[in-house]
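Visitor: If you read the sequences in order, they're chains A and B. Under my numbering, the residue at position 95 of the first sequence is numbered 95, and the numbers go up by one with no gaps. Quick note: to get my numbering, add 128 to the position in the second sequence (first position is 1). Here a beta-carbon is modelled for each residue, glycine too, at the ideal position from N, C-alpha and C. No experiment lies behind these values; they were computed from the predicted model shown.
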Amino acid sequence: MYNKGLVITGIVIFVVFFTSPFLIGLVKSGPPPEPELSPKAKLAKQCVEAKEYMVESHMQMLNDWRNEAIREGKRIYVATDGKEYTVSLQNTCMDCHSNKSKFCDQCHNYAEVNPYCWECHIEPKEKL
Amino acid sequence: MERSRRSFLKILGISTLGLGTLSAVDLLAKAEMGKAEYSPNPKGMTGKRWALVVDVKKLDEETTQKAIEACHLIHNVPDYGDEEEIKWIWTDKYEHVFPGQEHAYLAEEIEEKPFLLLCNHCSNPPCVRVCPTQATWQRGDGIVMMDQHRCIGCRYCMAACPFGARSFNWKDPRTTYFKDKEPPNPKYPTRTKGVVEKCNLCAERLAVGEMPACVEAVKDSKAIVFGDLEDPHSEARELLHERFAIRRRPELGTSPNVYYIV
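#1: Should residue 144/A go down as buried or exposed, given a rule of 16 or more other Cβ atoms within 10 Å for buried?
#2: Could one say the Cβ of residue 166/B lies closer than 8 Å to chain C's Cβ atoms, at least one of them?
#3: For residue 218/B, does the three-state DSSP call read helix, strand or coil?
#4: Please report the residue range of the alpha helix (DSSP H) in which residue 368/B lies.
#5: Looking at the unbroken beta strand (DSSP E) that takes in residue 165/B, where does it start and where does it end?
#6: If you measure from the beta carbon of residue 80/A to each beta carbon in chain B, is any gap under 8 Å?
#7: Taking only beta carbons into account, state which residues of the segment 364 to 384 of chain B come closer than 7 Å to chain A, listed in chain order.
#8: Is the beta carbon of residue 117/A closer than 8 Å to that of residue 276/B?
#9: Going by DSSP, what residue range makes up the alpha helix (DSSP H) through residue 84/A?
#10: Residues of chain B with a CB under 9 Å from the CB of residue 58/A: which are they?
#11: Any idea what DSSP makes of residue 106/A, helix, strand or coil?
#12: Measure from the C-beta of residue 121/A to each C-beta in chain B and report whether the shortest distance is under 8 Å.
#13: Buried or exposed, going by whether 16 or more other CB atoms sit within 10 Å of the CB of residue 248/B?
#14: Can you check whether the C-beta of residue 36/A is within less than 8 Å of a C-beta belonging to chain B?
#15: For residue 354/B, does the count of other Cβ atoms within 10 angstroms reach 16, so buried, or fall short, so exposed?
#16: Under the assumption that residue 166/B contacts residue 68/A (Cβ atoms under 8 Å), give the Cβ distance between them as a whole number of angstroms.
#17: I want to verify the contact list: residues of chain B whose CB lies under 7 Å from the CB of residue 91/A, in sequence order.
#18: Closest to residue 302/B by C-alpha separation, out of 205/B, 215/B and 272/B, would be which residue?
#19: From the DSSP output, in three-state form, read off residue 180/B for me.
#20: Are the segment 293 to 302 of chain B and the segment 311 to 331 of chain B touching by the rule of at least three beta carbon pairs closer than 8 Å?
#21: Indicate whether at least one CB of chain A lies closer than 8 Å to the CB of residue 276/B.
#22: Using three-state DSSP, classify residue 258/B as helix, strand or coil.
#23: Nearest to residue 173/B by alpha carbon, out of 271/B, 335/B, 243/B and 386/B?
#24: Can you tell me the Cα-Cα spacing of residue 397/B and residue 339/B, whole angstroms?
#25: List, in order along the chain, the chain A residues whose C-beta lies closer than 8 Å to that of residue 311/B?
#26: Which two residues bound the contiguous beta strand (DSSP E) that contains residue 265/B?
#27: What is the rounded straight-line gap between the Cα of residue 30/A and the Cα of residue 134/B?
#28: Only counting runs of 3 or more residues, tell me where the beta strand (DSSP E) segments fall wholly within the segment 43 to 124 of chain A, in order along the chain.
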């Protein structure tokens with residue numbers, strides 16, 4: 001191989017340069033934040049569905065909720081365990097998860113997602 | 129080891145099948161989780177064609193204001209007081225409400241009276257026809273509903289509505305009108321900049337078995353009667369049977385479902 005030294009250094013610089021956003025992100029962002037449960041949520045032990053499902057699919061569920069409630073007029077959610085909940089972000093979810101900044105915002109900020117729920121839906125008042 | 133093409137293809141086929149089944153089982157297991165059901169509230173009111181009958185004689189200025197205030201408080205409707213006003217329920221003069229029906233010798237009482245106006249929840253709603261995103265649509269019970277999540281703010285519906293029942297949010301109510309004061313009803317959302325809004329005939333209240341806010345607010349005087357026109361024994365239907373009532377601009381063919389006993 002000709003110019004071995006130059007070529008390999010070149011490749012290394014290229015790789016580092018193109019992965020730098022990811023590397024910087026890794027260093028800067030640190031470990032992901034743990035969502036904090038409000039006392040009421042802690043007491044309830046379980047959300048409307050299992051924790052893993054909620055972590056993974058809460059956005060899908062909220063989307064289903066809004067379609068079912070508004071478009072289909074079905075405002076009661078019968079969970080897999082048979083319990084019934086009123087389909088409402090503002091009145092059901094946030095009644096338990098009343099600590100929006102610690103429960104929703106931390107993770108959303110970390111992942112840089114900006115759900116625009118709160119432009120219309122009124123968030124619970126947090127005791128600071 | 130020498131392997132024939134035949135046996136190689138066999139192994140390939142079997143392993144693809146195996147992998148495919150694995151991921152399919154995985155997917156199905158996940159789908160199982162989200163298979164919960166949705167149902168309407170059994171306490172909710174059901175009908176086929178909701179309508180309001182407004183008895184104009186019984187609605188003096190004070191009761192009219194009461195109805196308006198009840199609606200605006202429940203739905204967090206801002207009161208800008210300028211040309212960017214948000215209208216869910218409002219008033220206007222006879223000559224504007226029933227154009228073409230006015231004449232020079234109109235009874236004074238009628239001429240100056242503020243008529244209570246709201247979305248007519250037409251049977252043949254032009255706003256629904258023009259909406260490009262189906263953000264507004266007609267429910268099975270006749271309510272012309274608005275889904276703020278889907279509204280893109282094109283305002284076709286406002287152009288289509290001959291009754292001026294729709295308002296556009298030129299500004300964000302949360303950063304303007306509700307900047308220094310709380311929205312009065314923490315159980316109901318506000319709207320955001322760039323969406324159209326209007327009366328929803330209190331769909332959220334009907335869903336839990338409550339009367340529309342305006343009807344409830346004036347229930348002592350029975351000035352506004354709510355009922356299902358497809359039900360011959362409903363209060364609204366019986367009232368229409370007894371008294372002569374008119375609708376706004378019937379010649380346009382939208383078939384409004386708000387009736388006025390003048």
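Guide: With the given structure in hand:
#1: Any question about residue 144/A goes unanswered here, given that chain A covers just 1 to 128.
#2: Looking for chain C here will not work: the only protein chains present are A and B.
#3: For the purposes of this step, residue 218/B is taken as the residue at position 90 of the second sequence. The answer is strand: DSSP assigns residue 218/B an E or B state.
#4: In the second sequence, the residue the question calls residue 368/B occupies position 240. Start and end: 363 to 370.
#5: Translated into positions along the second sequence, residue 165/B becomes position 37. Counting along the chain, the beta strand (DSSP E) containing residue 165/B begins and ends at 165 to 167.
#6: Start at 1 with the first residue of the first sequence, and residue 80/A comes out as number 80. True, the Cβ-Cβ gap to chain B drops below 8 Å.
#7: none
#8: The residue you call residue 276/B lines up with position 148 of the second sequence. The residue you call residue 117/A lines up with position 117 of the first sequence. No; because the gap between Cβ atoms is not below 8 Å, this pair is not in contact.
#9: What you label residue 84/A is simply residue 84 of the first sequence in a count that begins at 1. Not the alpha helix (DSSP H): residue 84/A falls in the beta strand (DSSP E), residues 84 to 86.
#10: Residue mapping note: residue 58/A aligns to position 58 of the first sequence, counting from 1. Going along chain B, no residue has its Cβ under 9 Å from residue 58/A, so there is no contact; the nearest lies around 11 Å.
#11: Against the first sequence, residue 106/A aligns to sequence position 106. In this structure, residue 106/A counts as helix in the three-state DSSP scheme.
#12: The residue you call residue 121/A lines up with position 121 of the first sequence. Cβ-Cβ to chain B under 8 Å: yes for residue 121/A.
#13: Here residue 248/B corresponds to residue number 120 of the second sequence, with the count starting at 1. Classification of residue 248/B: buried, given that the 10 Å Cβ count is 16 or more.
#14: One-based indexing of the first sequence puts residue 36/A at position 36. Chain B, which has no Cβ nearer than 8 Å to the Cβ of residue 36/A, makes this no.
#15: In the second sequence, the residue the question calls residue 354/B occupies position 226. It counts as buried.
#16: Taking the second sequence and counting its residues from 1, one reaches residue 166/B at position 38. Taking the first sequence and counting its residues from 1, one reaches residue 68/A at position 68. Sure, about 4 Å apart at Cβ, within 8 Å.
#17: Within the first sequence, numbered from 1, the residue matching residue 91/A stands at position 91. Near residue 91/A (Cβ distances below 7 Å), the residues of chain B are 315.
#18: In the second sequence, residue 302/B corresponds to position 174, counting from 1. Checked all of 205/B, 215/B and 272/B; the closest Cα to residue 302/B is 205/B.
#19: Within the second sequence, the letter at position 52 stands for residue 180/B. DSSP places residue 180/B in strand when its eight states are reduced to three.
#20: yes
#21: Here residue 276/B refers to the residue found at position 148 of the second sequence. Yes, residue 276/B counts as interfacial toward chain A.
#22: In the second sequence, the residue the question calls residue 258/B occupies position 130. Here residue 258/B sits in helix by DSSP.
#23: Position 45 of the second sequence, counted from the start, is the residue given in the question as residue 173/B. With distances taken between Cα atoms, residue 173/B lies closest to 335/B.
#24: Lying before the first or after the last residue shown, residue 397/B is absent from chain B, which here runs from 129 to 390.
#25: Translated into the one-based positions of the second sequence, residue 311/B becomes position 183. By Cβ distance, chain A contributes 122.
#26: Counting from 1 along the second sequence, the entry for residue 265/B is found at position 137. Taken as a continuous stretch (DSSP letters only), the beta strand (DSSP E) holding residue 265/B covers 264 to 266.
#27: Residue mapping note: residue 30/A aligns to position 30 of the first sequence, counting from 1. Residue mapping note: residue 134/B aligns to position 6 of the second sequence, counting from 1. Whole-angstrom Cα-Cα distance: 53 Å.
#28: 76 to 78 and 84 to 86
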